[in-house]
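In the working numbering, the protein residues as written are 279 to 607. Notes follow the structure.
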């Protein structure tokens, strides 16, 4: 990861004990079940389906080199899911296809202006696709004026008799818009999930959910991250707080937030924002999943991490490797 090793030595500033006591270190969240990733991802052939899931707010720019880093060199996964927000007008699907070849081909895509979702499968895997549909739901935003409409896109797929829905979203920004983000999630869920009478074995949400760090100012937050103590900030994460209150994501799983907050960076670097806005770092970019039939499907989260070497945006991408196995097969 991109953490620095030096400690904050400013005289009269916060020491480690002060920071921990002032922020709190309770990491128990009842709404979302936080699980530790296994970390040794070999995409076990004992699994029935292995999926690599990536979300990235592109900040209106893209380079082919960044997409190559995004996809990675290890291609043992079955499905590759890439959700992007604030995508440029460039043909991102074509660039991703080139970066994913020769191992994977584009199976489906969904677009709502700059909110885009792409699904890739192994070459010659089309016969395994028995159903594939794309949908979208807008929840406002700036429309086509600056290409930053808020909302979500979804891809439903029956892949080798495993029914999955992937939902990629971009929610309203700013720390004080928690209730608005909650309402947007409910509206998206009602449109793309609740009215749907079909059952799904797996539901995956990914995207720039835009939940921030609550009640922690910039200097203490950055000092904790600088000293490799970002885990102390987890109890102040708005997304986990709202889930714990029962407002959103009931019954979902997420990997441990062991990586640095993914927003906001100086473009072209791994340094946090030094502009006049000086945003408080936050885990705005997330991947969550829910298994509908836990008695028959076992899941293993092999990784949940940011991709720090991608520097083309003010956000860092987030990646999850998830494998499914039918218990009674």
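We put the beta carbon where it would ideally sit given N, CA and C, even for glycine.
CA-to-CA distance, residue j to residue i, given in whole angstroms
i	j	result
residue 504	residue 489	21 Å
residue 339	residue 573	43 Å
residue 367	residue 605	44 Å
residue 507	residue 592	22 Å
residue 449	residue 401	34 Å
residue 519	residue 461	15 Å
residue 393	residue 537	24 Å
residue 513	residue 456	16 Å
residue 280	residue 493	Residue confidence for residue 280 is low, a pLDDT of 38 falling below 50, so the modelled location carries little weight; the figure read from the coordinates is stated next. If I take the Cα positions, the gap works out to 25 Å.
residue 310	residue 546	33 Å
residue 316	residue 486	24 Å
residue 532	residue 477	21 Å
residue 534	residue 522	15 Å
residue 425	residue 466	Its pLDDT being 47, under 50, residue 425 is placed unreliably in this model, and the coordinates cannot settle the point.
Contact check, residue i vs residue j, beta carbons under 9 Å
i	j	result
residue 445	residue 436	no
residue 389	residue 359	no
residue 439	residue 602	no
residue 566	residue 541	no
residue 595	residue 397	no
residue 387	residue 377	no
Close-in-space but distant-in-sequence residues of the same chain around residue i (CB under 6 Å, 5 per side omitted)
i	result
residue 599	319, 330, 580, 581
residue 576	603, 605
residue 587	347
Range covered by the alpha helix (DSSP H) that runs through residue i
i	result
residue 579	Residue 579 -> not in any alpha helix (DSSP H); beta strand (DSSP E) instead, spanning 575 to 584.
residue 344	342 to 349
residue 376	370 to 378
Contacting residues, own chain, Cβ-Cβ under 8 Å from residue i (five flanking each side not counted)
i	result
residue 341	590
residue 299	Reliability of the predicted coordinates at residue 299 is poor, the pLDDT of 33 falling under 50, and no value is obtained from them.
residue 470	413, 415, 430, 432, 443, 445
residue 355	321, 328, 329, 330, 599
residue 325	578, 601, 602, 603
Where the beta strand (DSSP E) through residue i begins and ends
i	result
residue 333	327 to 335
residue 398	393 to 400
residue 358	357 to 363
residue 441	440 to 448
residue 431	427 to 437
residue 561	Run containing residue 561: none; DSSP gives neither H nor E here.
residue 389	382 to 390
residue 598	596 to 604
residue 552	Premise fails: residue 552 is in no beta strand (DSSP E) and is neither H nor E.
residue 353	That residue, residue 353, is in no beta strand (DSSP E); it is neither H nor E in DSSP.
Residues near residue i by beta carbon distance below 7 Å, same chain, minus five either side
i	result
residue 539	503, 508, 559, 560, 561
**Asked** Which runs of the alpha helix (DSSP H), 4 residues or longer, sit entirely within the stretch 451 to 539?
**Response** 456 to 467, 496 to 504, 516 to 522
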